[in-house]
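Asks: If you scroll down you'll find the structure; I have some questions about it.
Number of protein chains: 2
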Amino acid sequence: VAQNSLSGPCAIAIDLGGTQIRAAAIDRTGIIHARVAAATPAQAGPDAIIAVMRTLARDVAEEVAENHDVCGFGLASPGPVNTRSRVALGIPTLAGFDHVDLGVLLDQAFGRTVALENDAIAAAIGEWQFGAGRGCRDLVYVTVSTGIGGGVIANGAPLRGCHGMAAHLGHMTLIHGGELCLCGRKGCWEAYASGYALERRSGMTAHAVFDKAAGGDPAAQDMVRNEASLLGAGIVNLLHAFDPERVILGGGLALGFDQLTDQIRATIANDAMPAFRDRRVVRAERIGDSGLLGMAALVFQGHEERMNDRVN
Amino acid sequence: VAQNSLSGPCAIAIDLGGTQIRAAAIDRTGIIHARVAAATPAQAGPDAIIAVMRTLARDVAEEVAENHDVCGFGLASPGPVNTRSRVALGIPTLAGFDHVDLGVLLDQAFGRTVALENDAIAAAIGEWQFGAGRGCRDLVYVTVSTGIGGGVIANGAPLRGCHGMAAHLGHMTLIHGGELCLCGRKGCWEAYASGYALERRSGMTAHAVFDKAAGGDPAAQDMVRNEASLLGAGIVNLLHAFDPERVILGGGLALGFDQLTDQIRATIANDAMPAFRDRRVVRAERIGDSGLLGMAALVFQGHEERMNDRVN
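As they're listed, the protein sequences go chains A and B.
If you're matching positions, the first sequence starts at 184 in my numbering and goes up one per residue.
If you're matching positions, the second sequence starts at 184 in my numbering and goes up one per residue.
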């Protein structure tokens, strides 16, 4: 049944961040018809957080109620969440999410099955379905902000692994025994190439580094080149591991993509094995919304599977 | 149609190595009914090599002809081969395989479609179907001999990437800017943890290191522990990237698995993110034959698809 975007169903997608919870009503073409947000009560525990999510979901559904039915709810959660068992395994930014049966809590609160995905995998799905990865069968999405996360689409499907926790790309080692990472390990890619690492090296915000570099400051330009080389070094590893058609760079640092891209490309041309040197690195198209969009795609997929099961 | 192993069809699997070409007749249960081998004319070019493969395939088919039909041929090739286009992209160990349309040459020589796979991916499939990975939906296979190669099964299917060249695991960086690898890059896992690296560090063969360590030599035992730590460091990266149920270690160095396993396990327990520390590393069950068995599995799969297409 064809639906137009004015009257078709919407998915309610929720993005649970460390500082903000956002919810949006999104139609099946990826148009966002309404959005709301609230502060995350990060120390208040799962019940309080789920109450905020319910309120936001209700508010955003009401906003679009005149034109759109709601066909389901989906949550992009910070990891690690085992999305096979739907148990949160200890989310570092949120108190009380250690071995919590998040799937059951959500289903009870919303009165139906809620789609649940690790946030970076959700964002990869969002870019794949509605952004810079449309039409790709094999892609790697990397999000670089305070930390580095990622998601992989392989052979036309999200790569989840046995516990749904694949693509912890920021915690692949770039320098064995190297700098201490926020995760407690040493030498992670994230410890060298994240926004946090750039800010620590430069003594200013990533935004300020890009601004100064754009203004012609040679020291800031060196910092940007160095940052791009470190991003490129990790991306080379991802080319060798996943053989993607395209690498999509998202997250806050991707706002400086135009200043990073030449040196990232040079690093790939220099460091990748010859057969992998032609791969494109592109900027995410839906920065900030990729995770919400990915959850909408998963909600629609679940909805269609349920409809099919009722018919057949 | 059920077939017993005495009279069922066999696949003819060929493994093209740098020094030896091997062929085997393998039934659908993974039993090897005959095998032959010949030296690889590594400098003689594709036509000469394909001629040797044809002779070996004919010989091994004749050996089993009384009891088994041949249902197809498959070649495990050293990489890099783009198995989507079936073009060899410059195989370092064989002269004349640079941008050669290997798929077409094989199909012409054998008079039918020949299954073609990168050797380490074939070995991963072999272990998945007939070895240490039976029943797994998500696994990583790592082969450690002179170099390090690999293959990944993700969500119940081989991970191939957009050119069929995924899982070049030995050429993921372990120490950015570190030791020169045989591939010309710096700091690859292979440059630290391969058999070649162990032999360079120890000044003796890997076999001798394991022998001396088993005999109680403390220096050799240190070398084995160090080797296991370096293997473990790379395996931790693979856990974070692929979230596999199990990691399977194959190749020549896996013959020393019993001496390596404790330190590999300790490295994972120490270095992996908590949610990944419970994963098992096991020894390949079909060391030496994993690639042949994987090609047999692919030949049977292709055969069944053709039969289904004829019926439906």
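Don't be surprised by glycine CBs; every beta carbon is placed ideally from N, CA and C.
This one's a predicted model, so the numbers in the text were calculated from it and none came from an experiment.
Do B/Ala306 and B/Asn326 have their beta-carbon atoms positioned less than 8 Å apart in this structure?
Replies: Rather than Asn, the amino acid found at residue 326 of chain B in this sequence is Thr. Yes, the Cβ-Cβ distance between B/Thr326 and B/Ala306 is below 8 Å.
Asks: Answer with yes or no whether the minimum CB distance from B/Ile358 to chain A is below 8 Å.
Replies: Yes, its Cβ sits closer than 8 Å to a Cβ of chain A.
Asks: Give the straight-line distance between the Cα atoms of A/Ile135 and A/Ala402, rounded to the nearest whole angstrom.
Replies: The question about residue 135 of chain A has no answer here: the residues shown for chain A are numbered 184 through 495.
Asks: Hey, quick one: how far does the alpha helix (DSSP H) through A/Ile233 stretch, first residue to last?
Replies: Counting along the chain, the alpha helix (DSSP H) containing A/Ile233 begins and ends at Pro229 to Val247.
Asks: Please list, in chain order, all residues of the same chain as A/Ser328 whose beta carbon is under 7 Å from its beta carbon, the five residues on each side excluded.
Replies: Only Gly378, Gly434, Gly435 and Leu436 meet the Cβ criterion.
Asks: Could you confirm whether any beta carbon from chain B is found closer than 8 Å to the beta carbon of A/Phe425?
Replies: Yes, contact with chain B.
Asks: Kindly indicate which three-state DSSP category A/Leu342 falls into: helix, strand or coil?
Replies: It is coil, neither helix nor strand.
Asks: Going by DSSP in three states, B/His216 sits in which element: helix, strand or coil?
Replies: B/His216: strand per DSSP, three-state reduction.
Asks: Of the residues B/Leu422, B/Leu322 and B/Ala340, which one's Cα is nearest the Cα of B/Gln484?
Replies: Per the Cα distances, B/Ala340.
Asks: Tell me where the beta strand (DSSP E) around A/Arg295 begins and ends.
Replies: Element bounds for A/Arg295: n/a, residue is neither H nor E.
Asks: Mapping the DSSP letters down to three states, classify A/Val184 as helix, strand or coil.
Replies: With a pLDDT of 37 at A/Val184, under the threshold of 50, the predicted position of this residue should be treated as unreliable, and no value is reported.
Asks: Taking only beta-carbon positions, decide if B/Cys345 is within less than 8 Å of chain A.
Replies: Interface residue, yes.
Asks: Residues of chain B with CB closer than 9 Å to the CB of A/Ala350, please, in chain order.
Replies: Neighbours of A/Ala350 on chain B, chain order: His423, Ala424, Phe425 and Asp426.
Asks: Of the choices B/Val323, B/Thr276 and B/Asp302, whose alpha-carbon is the least far from that of B/Trp311?
Replies: Answer by Cα proximity: B/Val323.
Asks: Using a Cβ distance threshold of 8 Å, determine whether the region 192 to 211 of chain B contacts the region 236 to 252 of chain B, with at least three qualifying pairs required.
Replies: Contact holds: three or more Cβ-Cβ distances are below 8 Å.
Asks: Would you list the residues sitting across from B/Val482 in a DSSP beta bridge?
Replies: Paired residue(s): none; B/Val482 is not in a bridge.
Asks: Distance check for A/Gly201 and A/Thr276, CA to CA, integer angstroms please.
Replies: Each residue's Cα considered, the two are about 6 Å apart.
Asks: Within the region 395 to 480 of chain A, note down every full alpha helix (DSSP H) run reaching 4 residues or more, in order along the chain.
Replies: Taking only runs of at least 4 residues, the alpha helix (DSSP H) segments lying wholly in the region 395 to 480 of chain A are 401 to 425 and 440 to 454.
Asks: At a CB-CB cut-off below 9 Å, which residues of chain B make contact with A/Pro263?
Replies: Residues of chain B passing the Cβ test: Met456, Pro457, Ala458 and Phe459.
Asks: Answer yes or no: does any C-beta atom of chain A fall closer than 8 Å to that of B/Leu289?
Replies: It does not; no Cβ of chain A falls within 8 Å.
Asks: Use the C-beta contact count for A/Ser190: other C-beta atoms within 10 angstroms, 16 or more gives buried, fewer gives exposed.
Replies: That one is exposed.
Asks: Sort B/Val465, B/Gly386 and B/Glu382 by Cα distance to B/Gly415 and report the nearest one.
Replies: Checking every option, the nearest Cα to that of B/Gly415 belongs to B/Val465.
Asks: How far does the alpha helix (DSSP H) with B/Ala271 in it reach, from first residue to last?
Replies: Careful: B/Ala271 lies outside any alpha helix (DSSP H), inside the beta strand (DSSP E) at Val270 to Leu272.
Asks: When you compare only the Cα positions, how much space is there between A/Gly511 and B/Ile197?
Replies: This structure leaves residue 511 of chain A out entirely; chain A is present only between 184 and 495.
Asks: Run through chain A and tell me which residues come within less than 8 Å of B/Met355, C-beta to C-beta.
Replies: Result: Met355, Asn420, His423 and Ala424.
Asks: Buried or exposed: A/Met236, going by 16 or more other Cβ atoms within 10 Å of its Cβ?
Replies: By the 10 Å Cβ count, A/Met236 comes out buried.
Asks: The beta strand (DSSP E) that contains A/Gln203, what's its start and end?
Replies: Its beta strand (DSSP E) spans residues Gln203 to Asp210.
Asks: In chain A, what lies closer than 7 Å to B/Asp321 by C-beta?
Replies: Simply Gly344 and Cys345.
Asks: Run the CB neighbour count on B/Leu475, radius 10 Å, all protein chains shown included, and call it buried at 16 or more, exposed below.
Replies: By the neighbour-count rule (16 or more Cβ atoms within 10 Å), B/Leu475 is buried.
Asks: Taking the straight line between their C-alpha atoms, what separation do you get for A/Ala231 and A/Val407?
Replies: Near 41 Å, if we compare the C-alpha coordinates of A/Val407 and A/Ala231.
Asks: Counting C-beta neighbours from all protein chains within 10 Å, is the total for A/Asn453 16 or more, i.e. buried, or is it exposed?
Replies: Result: exposed.
Asks: In angstroms with no decimal places, state the Cα-to-Cα distance between A/Ala397 and A/Lys369.
Replies: So the two alpha carbons sit approximately 32 Å from each other.
Asks: For the 8 Å Cβ check, are there 3 or more pairs between the region 382 to 393 of chain B and the region 343 to 355 of chain B?
Replies: With the cut-off at 8 Å, the region 382 to 393 of chain B and the region 343 to 355 of chain B do not touch.
Asks: Is it a yes or a no for the region 357 to 366 of chain B touching the region 330 to 344 of chain A, going by three-plus beta-carbon pairs under 8 Å?
Replies: They do not touch, by the three-pair rule.
Asks: Counting only Cβ pairs nearer than 7 Å, list the residues of chain A close to B/Cys364.
Replies: Going along chain A, no residue has its Cβ under 7 Å from B/Cys364, so there is no contact; the nearest lies around 10 Å.
Asks: Name, going along the chain, the residues of the region 324 to 342 of chain A whose beta-carbon falls closer than 7 Å to a beta-carbon of chain B.
Replies: The residues in question are Ala337, Asn338, Ala340 and Leu342.
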